[in-house]
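Below you'll find the structure, written out as structure tokens, and then a few comments.
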């Protein structure tokens with residue numbers, strides 16, 4: 009089934025990588041915030057973090073044509089949302105012509121903009137129109153409850169739920185599996201993992217963070233096993249994990265505990281390799297150029313740059329364990 013995804017635009021590369029990590033499938037085409045992928049099942053994509061809506065891809069066409077037969081797509085009352093995706097001409101005139109193309113193809117058209125049974129999206133690009141039938145939309149309230157501003161325990165810099173969700177998804181972890189964040193801080197990754205039915209485990213060398221992460225998860229009614237464990241000593245958990253997702257401490261972070269950053273990162277990667285199950289993934293954030301990944305332990309699947317401020321750019325690594 010060919011699916012059209014409209015991403016949020018919060019990052020240039022990660023949204024499409026997240027789609028493939030969650031849904032698998034074959035990438036077909038990408039243009040700006042639009043991504044077409046061929047998947048076996050689309051329902052798993054409802055857990056995406058960096059996407060705005062999921063649609064059945066109906067095809068592309070010239071401005072005066074339709075790539076589908078409306079009578080086979082439209083069920084009951086319908087609405088068309090025509091959005092500009094780079095078109096430089098008269099957008100209002102094009103919208104009206106697209107509405108007319110669908111209207112005139114139906115024997116008894118019923119437009120309902122407030123409560124439609126079928127919603128069609130028409131993305132007006134410079135040379136053609138991409139069409140989709142809405143399957144799922146991530147509304148404004150999809151992540152609102154878990155926004156960091158509502159947490160009972162927080163710090164000055166907090167990771168927002170959409171980003172945390174995306175990074176957890178990049179780890180390929182599935183509901184029922186175990187995910188570890190050995191430097192869990194206030195628990196952003198644990199919250200998103202637990203909200204998707206993943207068994208969330210978190211550790212931190214800072215006791216205040218351990219207590220706070222527990223409170224944040226409990227406040228949302230989520231289960232998370234959070235312990236006072238050094239992130240370099242993950243074997244202390246006594247179990248294997250299906251994924252590791254973590255934001256490594258840097259700068260003056262309390263989690264460094266006077267340990268040199270390079271030493272901490274090296275020890276962490278060796279420890280992470282030991283507790284990850286076979287053929288599993290780790291998603292790791294670190295300042296750009298500071299994380300040296302041993303090729304004997306992990307293969308780099310992808311690396312994404314993320315500008316933070318001033319001279320600080322971080323990298324997000326997706327690592328595949330080598331056995």
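Numbering (my numbering), first residue to last: 9 to 331. Beta carbons: idealized from backbone N, C-alpha and C, even for Gly.
Per DSSP, cross-strand counterpart(s) of residue i
i: residue 332; result: Any property of residue 332 remains undetermined from this structure, which presents the chain solely from 9 to 331.
i: residue 235; result: 211
i: residue 321; result: 315
i: residue 327; result: 290, 308
i: residue 141; result: 64, 128
i: residue 91; result: 131
i: residue 251; result: 187, 289
i: residue 206; result: Note: residue 206 sits in no beta bridge, so no partner.
i: residue 197; result: According to DSSP, residue 197 bridges with nothing at all.
i: residue 99; result: Answer by DSSP bridge pairing: none, since residue 99 is not bridged.
i: residue 12; result: 44, 63
Distance cut-off 8 Å: residue i Cβ against heavy atoms of the ligand PLP
i: residue 327; result: Ligands are entirely absent from the displayed structure, and the ligand PLP is therefore not among its contents.
6 Å Cβ shell around residue i - same chain, five flanking residues per side excluded
i: residue 16; result: 58, 60
i: residue 106; result: 90, 130
i: residue 37; result: 44
i: residue 111; result: 117
i: residue 166; result: 156
i: residue 18; result: 58
Integer-rounded CB distance, given that residue j should sit under 8 Å from residue i
i: residue 85; j: residue 125; result: 5 Å
i: residue 180; j: residue 151; result: 21 Å between Cβ atoms; not a contact.
i: residue 282; j: residue 250; result: With a Cβ gap of about 14 Å, residue 282 and residue 250 do not count as contacting.
i: residue 40; j: residue 101; result: Actually they do not touch by this definition, with Cβ atoms about 22 Å apart.
Nonlocal neighbours in the same chain, by C-beta distance under 7 Å from residue i, ignoring five residues either side
i: residue 161; result: 194, 220, 223, 224
i: residue 279; result: 240, 241, 242, 243
i: residue 275; result: 240
i: residue 322; result: 293, 294, 295, 296, 314, 316
i: residue 310; result: 25, 326
i: residue 269; result: 258, 298
i: residue 253; result: 175, 176, 179, 187, 189, 197, 291
Close Cβ partners of residue i (< 8 Å) along its chain, the five nearest in sequence each way excluded
i: residue 32; result: 47, 48
i: residue 184; result: 205, 206, 207
i: residue 177; result: 26, 29, 30, 55, 56, 57
i: residue 69; result: 75, 136, 137, 139
i: residue 300; result: 270, 273, 274
i: residue 96; result: 134
i: residue 123; result: 85
i: residue 53; result: 11, 13, 27, 30, 31, 47, 59, 62, 144
i: residue 234; result: 192, 195, 198, 209, 210, 211, 212, 218, 221, 222, 225
i: residue 81; result: 66, 126, 128, 141
Buried versus exposed call for residue i [16 or more other C-beta atoms within 10 Å across all chains shown]
i: residue 210; result: buried
i: residue 121; result: exposed
i: residue 149; result: exposed
i: residue 303; result: exposed
i: residue 201; result: buried
i: residue 294; result: buried
i: residue 288; result: buried
i: residue 34; result: exposed
i: residue 203; result: buried
i: residue 14; result: buried
i: residue 331; result: exposed
i: residue 247; result: exposed
i: residue 232; result: buried
i: residue 20; result: exposed
i: residue 217; result: buried
i: residue 329; result: buried
i: residue 12; result: buried
i: residue 307; result: exposed
i: residue 9; result: exposed
i: residue 320; result: exposed
i: residue 172; result: buried
**Request:** Decide if the region 125-138 is in contact with the region 183-198; the criterion is three or more beta carbon pairs, one per stretch, under 8 Å apart.
**Result:** Short answer: they don't touch.
**Prompt:** Does the region 104-124 touch the region 150-160, meaning 3 or more C-beta pairs lie closer than 8 Å?
**Reply:** Output reads no: the region 104-124 does not touch the region 150-160.
**Three-pair Cβ contact test at 8 Å for the region 143-153 versus the region 61-71** = Contact holds: three or more Cβ-Cβ distances are below 8 Å.
**Request:** Please confirm if the region 74-84 is in contact with the region 20-28, defined as three or more CB-CB distances below 8 Å between the two stretches.
**Result:** No, because fewer than three Cβ pairs between the region 74-84 and the region 20-28 fall closer than 8 Å, the two stretches do not touch.
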